[in-house]
Amino acid sequence: MDTPLTANIRPGEPPPDRRAYEAAGGYRALRKALHDMDPEQVLDELKASRLRGRGGAGFPTGMKWNFIPRGDDAPADKYLIVNADEMEPGTFKDRHLMEGDPHQVIESVIVGAYTIGARHAYIFLRDEYRLCGARLGRAIAEAEDAGYLGRDILGSGFDLTIRLHTSAGRYICGEETALLNALEGKRPIPREKPPFPQASGLWGRPSVVNNVETLCNLPHIVLNGAQWFRDLGRGEDGGTKLYGASGRVKNPALWELPMGTPVREILEEHAGGMADGYRFRGLLPGGASTGFLVEEHLDLPMDFDPIQKAGSRLGTGALIVLDDRTSVVGMLRNLEHFFAQESCGWCTPCRDGLPWTERILAALEAGRGRAEDLEVLEMHCRFLGMGKTFCAHAPGAVMPLQTALQYFREDFRRGIADGH
Amino acid sequence: MAEIVVDGKRYAVDPARNLLEACLGAGLDLPYFCWHPALRSVGACRQCAVKQYKDETDTRGKLVMACMVPARDGTILSIADDEARAFRASVVEWLMIGHPHDCPVCEEGGECHLQDMTVMTGHAYRRHRFPKRTHRNQDLGPFIGHEMNRCIACYRCVRFYREYAGGTDLDAFGAHHYVYFGRREDGVLESEFSGNLAEVCPTGVFTDKTLARSYTRKWDLTSAPSVCVHCSLGCNTFPNERYGEVRRILNRYHEQINGYFLCDRGRFGYGFVKGDRRLRAPRMRRTVGGAPSPISPGEAAGYLSEWLKDGRAIGIGSPRASLESNHALKAAVGAERFYRGVPAHQDALVGAILDIQRNGPAPAASLADAEAADAVLVLGEDVPNTAPRLALALRQSVRHAAWRKAEAAMVPRWQDKGVRETAPHDYSPLYIAAPAATRLDDVAAESRPALPDAIARLGFAVAHAIDPEAPDPEPPADLRRRAEAIAEALMQADRPLVVSGTGCGSLAVIQAAANVAWALCRRGRAARLCHVLPACNSAGLGLMQAAGSLDDALARLRSDGVRLVIALEGDLDRLAGRAAVEAALAGVAHVVAIDHLHHDFAARADLALPAATFAEAAGTFVNNEGRAQRFFHVHEPLAGARAGWRWLRDAMALAGRNEPAGRARLDDVTAACAAAEPPLARIGEAAPPADARIAGMAVARQPHRMSGRTAMHADRTVFEPAPPADPDTPLSPSMEGYYGPRAAPAALPFLWAPGWNSEQSLNKFQQEIGGPLLGGPAGVRLIDPQPEAGPPYFRPRPAAPAPADGDRPVLPLHHVFGSEELSAEAPAVRERCPAPYVALRPEDAERLGVGDGGRLALAIGDRTLELPVALKADLPPGAVGVPVGLPGTEGLVLPARGRVVTP
């Protein structure tokens, strides 16, 4: 089985340095792109690969990049920004890539920047990812020394600098436009669209923001071609995906598997099934901001469209597994606490609605709920949905709540105090 | 026009607007918080949700925020839809989670947009049963109170303060439901537009501290349409009153002038009306050298009448008195004996400006024109300090580049968040050449402090670069390059504007500015000129025929056997310096001061007559663009005070003179003035006459909900006193009368509409959102430019000879708080006034061996100022700055040359 993204990663060992990375075939994609392909050819290959964004939204990367103004009359300043602000609960895939093979990240950034004609790239890194920061910093320095960064890279005439920016630590910075504001030193409030970042992003210049895992696919697509990439997947979409599992499973971990691997296979074969004494009740397929899947969904492929059709989202592909001995209401209370706290405070439903759901869930958890509480929670699920709030934070936040009310309603009812 | 369908009814709307504006403009009620007509849309509060349908077959529809959706032709939406109503009620329910519900003790109660919107959405019963969040409040200085617990996080305050007004010391802090709007630490809000927070805030977070000190609910406040007296722009205001005391000033929307905002000088300067230096009763010196003592108004008028009969009187008019008062004085003393109470130097500048406005092709710019300008050149004027509201308009003018870029990117202008993100660094050109740095420099393409002569040279060079026929000042090469860059920016603009004025005291600067605007006109550009004048009625007084300036008047006193001098609404000491005034008045038998303030000059006068202020009398001012505007009193004068014109009328009547200006009604005096002064012929049209009636009624100054009217005087009488007679205005002094949108804008005393108790009820009085009022613009423009006139270009004067060794240019430095006489008397404003100083560049101070705060003596002509040093790095090299209007600077003519005599 091909595992291009994690081929160089040896858990427990230091990551490959530049020489080791080169020895394993690293920076060959960069040479190929710079010497044998013009940026449009790279972009065409990317489009043909049908790579979809691995940050959670699944937007086709080639299409996203296609909106960047290119050619001679395009603005001189453009930016490629790596979204390494991995704060989705239960998710640690980008960390794995950055800690395990930092040069792969750097090579991806250079190839990506070449493709869109950006001369500056930023890596926007989650505050807590100190080890990633150290390893990426070293990799950048090594790449600079080797002439992979800086002026006239490998004699191609292409210039690039990469800056590593450590976030002050807000979940909303993972939203690409809030990230841009944070990078500019402003409050991390999502921006209005239009303008889309490709037209007016960082400092008002054309920019693309991509997730670490998404970008890491790029060198492999350049080297092996779009068809190879598409063939990696088991379903509609191509490539591999870093899937993870946490919760009461026998083997909580992370695996690079073909895109479209069925949920059951991940849960039972790779995660080893439920830990002894625990029974499966449901799972969040892609981090905290996705909806519950239950037994009936386990044979679905873990791919964007099938999971969406089941009322959830693929998200980051990091399963959070709910067992029969963990309080559903307590889990939701914990999640909504997180989402309430991470609201940027811009729009009313999110800012003031999420804390209310948290308080109700705490009351239900403590057995002090009231009958009308479920109604109020349902009102929030409805009115914090897509289109009603400024960005997707609140819709993501209520997705687990809405599906939990659908699948585990009795658990909530038990929290209603007698006489209410 | 586009047609939209709202709940089955068709409306013709402007497709350049969003659905919220379209709905409000169509007279529909739709609640909102974060949207503001001047700040536009950002989509934060989600309050204006409506249901939008794809087409007529779509029955499900989709919730959208009306403020974020363009009013495209064929849009189908529903405000009444059940889900939309439920969502809007939920938004208020969310906002109310943390709100303290302290309406009974909140300054905003009764005129609170949050109250109105809550009622509008129908949310009533609280379901949230958990604790509320609380915040710590800050002391924000003398103008603005702070009560953060009431905050609903609409972000309007920071958007206004930072993005619209350029302030930096108010911000949003924290996140999620603890987001906090305040300063980094307690302290005075620095922006001179902070007072607008009280109106911009939809609830009681930011409130008017001067009102809170002596609080009255909106429904108990009497109100009148008025005009600000604290600079030359003529912003429209609503003074609010209770128990014979002004309690606050609110913005009065005028689409051509102040729009939605005032400056803090205009909002808080009213404190002088009841300030501790107010002249409260007529005072007379009965014996030579004796102390003045109070006398009755009747007796005072009698003396004045007697003295007038003698005939050997001169009158000194005032640029801060109404046209009517000035005209009454002129009528009383005779046209040949009426002088403008303005120092000769300043009088010449104002005269030159009025000639430029009347004789040249460039029309005067209103503030709306200034905001619409897409390239601006400011010559010589420190606009934020001499005409703050104009600075706010110029700050918006630079956004045209961003709007243009955004429109090309399909982001409409009303989509403010999108515009700022599309074009975060795009500013239309604003070039500033003033004696020092200004608070507009942060959005200026260039701001270079320079001496007035250098500013003039730059202006002449710009004019020459635009039109080679304009005289060439033959500047050095670098100045020519700068001038050519400025000329090109102005030539590329659709609506270029040149701003100048009396601020730096230079005729050459005013002439250079005129050349620039005229050169643009000659090259076919729609250029406008905006002039800043010294006082609220400088233009009006300047348009009156007079025998001369204050200097001419004082000179005549020394030679002409004048027996009586009547100084109207002016402190001659402040204008000419006490020594000069005393010398000139030495031989005069009777000196009469008619003014609001009991200044030293009034204290020395033989007869001091308290003049009613803007709050107590009606009259007409002409603003800097030549617009005549009527102000109407909100309460009766203090016992003993009378309008300036009424003192003179009473004295004339006692003397048996029944000419028109001596009649009892303001309209007669206005008409007499219009008849006597051809440039003022149309001032009668500035407002409806006193006998105007709507459905047989005058317009009520008091709201119909006024309470306690029989109890207000109960400590003195159990009978309700008859309302005072009001022959001068089309308003009624009580709640009896008409109130509603049919009132002429010039006679509309306050804003109130069913369901809309806050000042945001304005939308019910506008033809469209942000557009003209239902009755059209208030006031009347008196000055027409001569579009066909070949530009009568001014010639640059040769450069001044190099100064004698040790001579330094002394430049006037203006202060928004302190330079204007009346506002500086308001207790709240006084806290913001700087102490007098002499400004030096740090390197000059070092060379002179003085530090910040050290004392310095500066000789200017025969005057020596002894003041502490303030270091100011942005002065032109070698120059010294002296604050205008602060104590110790009376009678100075600036710019001047001075010499440091110590240390």
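Chains as they are written, first to last, in this note's numbering: chain A, 1 to 420; chain B, 421 to 1323. Glycine included, every Cβ here is placed at the ideal spot set by N, Cα and C. Quantities reported herein were computed from a predicted structural model and do not represent experimental measurements.
Check whether the Cβ atoms of residue i and residue j sit closer than 8 Å, and answer yes or no.
i, j, result
"A890(B)", "A939(B)", "yes"
"V470(B)", "A504(B)", "yes"
"R900(B)", "A881(B)", "yes"
"V1321(B)", "G689(B)", "no"
"M259(A)", "G287(A)", "no"
"D85(A)", "G174(A)", "yes"
"D237(A)", "R52(A)", "yes"
"A1166(B)", "G1199(B)", "yes"
"A913(B)", "A795(B)", "yes"
"G345(A)", "A595(B)", "yes"
"M98(A)", "R135(A)", "yes"
"A905(B)", "S920(B)", "no"
"G981(B)", "G1311(B)", "no"
Between residue i and residue j, which are expected to be in contact by the criterion C-beta below 8 Å, what is the C-beta distance as a whole number of angstroms?
i, j, result
"I677(B)", "S786(B)", "6 Å"
"R409(A)", "A362(A)", "About 18 Å; that fails the 8 Å criterion."
"V770(B)", "S958(B)", "5 Å"
"N83(A)", "V249(A)", "Contact flag wrong, Cβ pair sits at about 28 Å."
"T636(B)", "R662(B)", "4 Å"
"F124(A)", "G463(B)", "Incorrect: roughly 24 Å between the Cβ atoms, too far for contact."
"L977(B)", "A1004(B)", "5 Å"
"R948(B)", "A784(B)", "7 Å"
"L682(B)", "V608(B)", "The pair is not a contact, with the Cβ atoms about 18 Å apart (cut-off 8 Å)."
"L1151(B)", "P1169(B)", "6 Å"
"L497(B)", "V426(B)", "6 Å"
Which residues in the same chain have their Cβ closer than 6 Å to the Cβ of residue i, if we skip the five residues on either side of it in sequence?
i, result
"I875(B)", "L799, G800, A853, V929"
"A792(B)", "R915"
"Q1180(B)", "H533"
Which residues of chain B have a Cβ atom closer than 7 Å to the Cβ of residue i, listed in chain order?
i, result
"M379(A)", "S510"
"A371(A)", "The contacting residues do not exist; A371(A) stays about 12 Å from chain B at best."
"F383(A)", "F507, S510"
Based on DSSP bridge pairs, tell me the residues matched to residue i.
i, result
"E423(B)", "A432(B)"
"V249(A)", "M274(A)"
"R460(B)", "H456(B)"
"Q367(B)", "Outside the displayed range of chain B (421 to 1323) lies residue 367(B), so it cannot be described from this structure."
"S207(A)", "Y79(A)"
"V919(B)", "V798(B), C950(B)"
"Y759(B)", "I736(B)"
Shorter than 8 Å from the beta carbon of residue i to some beta carbon of chain C?
i, result
"D352(A)", "The chain inventory of the structure shown lacks chain C, comprising the protein chains A and B."
Under 7 Å Cβ to Cβ from residue i, same chain only, skipping five residues before and after it: list those, please.
i, result
"P451(B)", "Q467, C468, R508, M537, M540, T541"
"A1075(B)", "S725, L728, K729"
"A48(A)", "A226"
For residue i, which residues in chain A fall below 7 Å Cβ to Cβ?
i, result
"G1196(B)", "Here the premise fails: no neighbours, minimum Cβ distance about 36 Å."
"H1235(B)", "The contacting residues do not exist; H1235(B) stays about 32 Å from chain A at best."
"I517(B)", "D352, W356"
"W514(B)", "T348, P349, D352, G353"
"Q835(B)", "E192"
For a contact defined as C-beta to C-beta under 8 Å, what are the partners of residue i on chain B?
i, result
"K388(A)", "R466, A469, L483, F507"
"A340(A)", "H596, H597"
Give me the chain A residues within the contact set of residue i, using Cβ-Cβ distance strictly less than 8 Å, ordered along the chain.
i, result
"T842(B)", "P194, P195, A199, S200, G204"
With a threshold of 8 Å on Cβ separation, who are the neighbours of residue i within its own chain once the five nearest residues in sequence on each side are excluded?
i, result
"L1276(B)", "V1258, L1260, L1268, V1270, E1286, L1287, P1288, V1289, V1320, T1322, P1323"
"C381(A)", "V398, L401, Q402, L405"
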